[in-house]
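Visitor: Input: one structure, supplied below.
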Amino acid sequence: MLSRIAESLYWIGRYVERAEDTARILDVHLQRMLADPWTQEDSACRSLLAVMGMPTTDGPFTSARVVGLLGLDERNASSVVGALAAARENARGSRETVSSEMWECLNSTWHGLPNARRRVDQQGVHAFFRWVRERCAVMAGLTDATMSRDEGWLFLVLGRSVERVDMTARLLRTHERAGGSIPTWMTLLRSSGAWETFLRTYRGALDDRHAAEFLLLDRLFPRSVFAALSTAESCLTDLEPDPGRAGVATDAQRIVGRARTNLEFRGADELIGDLSPVLASLEKTCKQVNDAVSRRYFRQTTAVNWVRGAVA
57 MLSRIAESLY
67 WIGRYVERAE
77 DTARILDVHL
87 QRMLADPWTQ
97 EDSACRSLLA
107 VMGMPTTDGP
117 FTSARVVGLL
127 GLDERNASSV
137 VGALAAAREN
147 ARGSRETVSS
157 EMWECLNSTW
167 HGLPNARRRV
177 DQQGVHAFFR
187 WVRERCAVMA
197 GLTDATMSRD
207 EGWLFLVLGR
217 SVERVDMTAR
227 LLRTHERAGG
237 SIPTWMTLLR
247 SSGAWETFLR
257 TYRGALDDRH
267 AAEFLLLDRL
277 FPRSVFAALS
287 TAESCLTDLE
297 PDPGRAGVAT
307 DAQRIVGRAR
317 TNLEFRGADE
327 LIGDLSPVLA
337 SLEKTCKQVN
347 DAVSRRYFRQ
357 TTAVNWVRGA
367 VA
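For the sequence shown, counting from 1, position 186 maps to 242 in this note's numbering; every step adds exactly one.
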């Protein structure tokens, strides 16, 4: 497979997952502020922007401004709208690999964004977030139903899994910074689409230990960190069918394997006690995996140097 195509598929997976998870995180943030009238809006917004890696120096911040920055900013690839536009652009460059149904889904979603913004004004942001989640779910379903399980599929699922680990860690950090109250765990579980599955698993026992265990360690729930790391590890293994006699073949496999092992052999109580460093380590892991995958599989280009108005 051409490295250009592999890179486009990898980033389609990442951007679609980023759009969905950013919409989920913003929904959690706004619901928490509505549920707690004593929340200081500026500090809560600064905390969310910090979790999402956005600058917080140009205050004050309101919920409407945060929705604009993380939801509707077309120039920011980390926003919901920007991520959907970037996914569509990557699909446009790999039309020979993605199915026509996948392309039509991303293209129609992109064309529907102006109406979605009007929906924000008319029906509120929650309707917009619900629409984004539905469109991303359609894209995920079409991907599963129409792509052959070849290298293209592996790169797309690898990108989706890496992004899912990163965004689930950021979602949990919003809980950590909120003070760890039980209503916040309930909101997190609902926003992850995990509420009903969690209730069936733990018979309705909602506490910090069970919620953290489910979102970080559960082997069967596909949005848990452990499940996403395991999927990423499986994709990397399939991309290197002949690893040799010693260890693993690539740096990306080592990084993902260490992160999975570090989670797998921790108890839930230990996770609660070390939640902040564990989440910070997971975000660092995602950056390292991205760099390692890029070095191994994607084209490497040098930076453009501008000298006196000309390209050097």
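Just so you know, even glycine gets a beta-carbon here, dropped at the ideal spot from N, CA and C.
Here the structure is a predicted model, which is why all the values come from computation and not from measurement.
By alpha-carbon positions, which one of Arg256, Gly115 and Ala268 ends up nearest to Leu335?
Guide: Ala268
Visitor: What does the Cβ neighbour count give for Ser103, buried or exposed, with the cut at 16 atoms within 10 Å?
Guide: buried
Visitor: Please return the same chain residues whose Cβ sits closer than 6 Å to the Cβ of Arg218, not counting the five positions on each side in sequence.
Guide: For the sequence presented, residue 218 should be read as Val rather than Arg. Listed in chain order, the non-local C-beta contacts of Val218 below 6 Å within the same chain comprise Ala288, Cys342 and Val345, local neighbours out to five positions each way being set aside.
Visitor: Any idea what DSSP makes of Asn146, helix, strand or coil?
Guide: helix
Visitor: Can you find the residues in the same chain that come closer than 8 Å, C-beta to C-beta, to Met369, ignoring five residues on each side of it along the sequence?
Guide: Because the chain in this structure spans residues 57 to 368, residue 369 falls outside the shown range and cannot be described.
Visitor: Which of the three DSSP states is assigned to Asn318 in this structure?
Guide: Looking at Asn318 - three-state DSSP - the assignment turns out to be helix.
Visitor: To which residues of the same chain is Ala305 closer than 6 Å at the C-beta, ignoring the five residues directly before and after it?
Guide: Glu296 and Pro299
Visitor: Near Val188, which residues of its chain fall below 7 Å by C-beta distance, leaving aside the five closest residues on each side in sequence?
Guide: Ala75, Glu76, Ala79 and Val136
Visitor: How far does the alpha helix (DSSP H) with Gly197 in it reach, from first residue to last?
Guide: First-last of the alpha helix (DSSP H) with Gly197: Val181 to Thr202.
Visitor: Could you tell me whether the Cβ atoms of Val72 and Leu169 are closer together than 9 Å?
Guide: no
Visitor: Residue ranges of each alpha helix (DSSP H) run of no fewer than 4 residues wholly in the stretch 91-126, ordered along the chain?
Guide: 97-107 and 119-123
Visitor: Compare the beta carbon distance of Ala315 and Ser280 with 9 Å and say whether it is the shorter of the two.
Guide: no
Visitor: Tell me the rounded alpha-carbon separation between Arg355 and Ser150.
Guide: Rounded to whole angstroms, Arg355 to Ser150 spans 15 Å at the Cα level.
Visitor: Please state the DSSP three-state secondary structure of Asn346.
Guide: helix
Visitor: Please determine, among Pro333, Arg220, Ala250 and Thr243, the residue with the shortest C-alpha to C-alpha distance to Phe282.
Guide: Selected option, being the one with the closest Cα: Arg220.
Visitor: By a C-beta neighbour count over all protein chains shown, 10 Å radius and 16 as the cutoff for buried, is Ala62 buried or exposed?
Guide: buried
Visitor: For Ser155, which residues from the same chain have a beta carbon less than 6 Å from its beta carbon, with the 5 sequence-adjacent residues on both sides left out?
Guide: Thr202
Visitor: On the premise that Glu232 lies in contact with Leu331, defined as a C-beta separation below 8 Å, what is that separation, rounded to the nearest angstrom?
Guide: 6 Å
Visitor: Pairing CB atoms from the stretch 82-93 with CB atoms from the stretch 177-185, are three or more of them under 8 Å?
Guide: yes
Visitor: Is the separation between the beta-carbon of Ala302 and that of Leu292 shorter than 9 Å?
Guide: no
Visitor: Going along the chain, which residues of its own chain have a beta-carbon closer than 7 Å to the beta-carbon of Ser59, five neighbours each way excluded?
Guide: Excluding sequence positions up to five before and after Ser59, its CB lies within less than 7 Å of the CB of Tyr353, Phe354 and Arg355, all in the same chain and listed in chain order.
Visitor: Should Ser247 be labelled buried (16 or more other beta-carbon atoms within 10 Å of its own) or exposed?
Guide: buried
Visitor: Using DSSP with H/G/I as helix, E/B as strand and the rest coil, what is Ser155?
Guide: coil
Visitor: When we look at the beta-carbon of Thr199 and count the other beta-carbons within 10 Å, is it buried (16 or more) or exposed?
Guide: buried
Visitor: In angstroms, rounded to a whole number, what distance separates the CA positions of Ala174 and Leu319?
Guide: Looking at the sequence itself, residue 174 is Arg, so the reference to Ala does not match. Looking at the two C-alpha atoms, the distance is approximately 43 Å.
Visitor: Which residues bound the alpha helix (DSSP H) around Ser3?
Guide: Coverage of the chain is limited to positions 57 through 368, which leaves residue 3 absent and any answer about it impossible.
Visitor: Ignore the nearest five residues each way along the sequence and tell me which others in Thr153's own chain have a CB closer than 7 Å to its CB.
Guide: Ile61, Leu65 and Gly208
Visitor: Taking just the CA atoms, how far does Cys101 sit from Pro93?
Guide: 14 Å
Visitor: Please work out which residues of its chain come closer than 6 Å, Cβ to Cβ, to Thr358, disregarding the five sequence neighbours upstream and downstream, and give them in chain order.
Guide: Residue confidence is low: Thr358 scores 48 on pLDDT, short of 50, so the model does not pin down where it sits. Its coordinate-derived value is still stated next. Same-chain partners within the cutoff: there are none.
Visitor: Report all residues from its chain with a CB closer than 6 Å to the CB of Pro116; omit the five preceding and five following residues, and keep chain order.
Guide: Asp98
Visitor: From what residue to what residue does the alpha helix (DSSP H) around Gly249 run?
Guide: Here Gly249 belongs to no alpha helix (DSSP H), and DSSP marks it neither H nor E.
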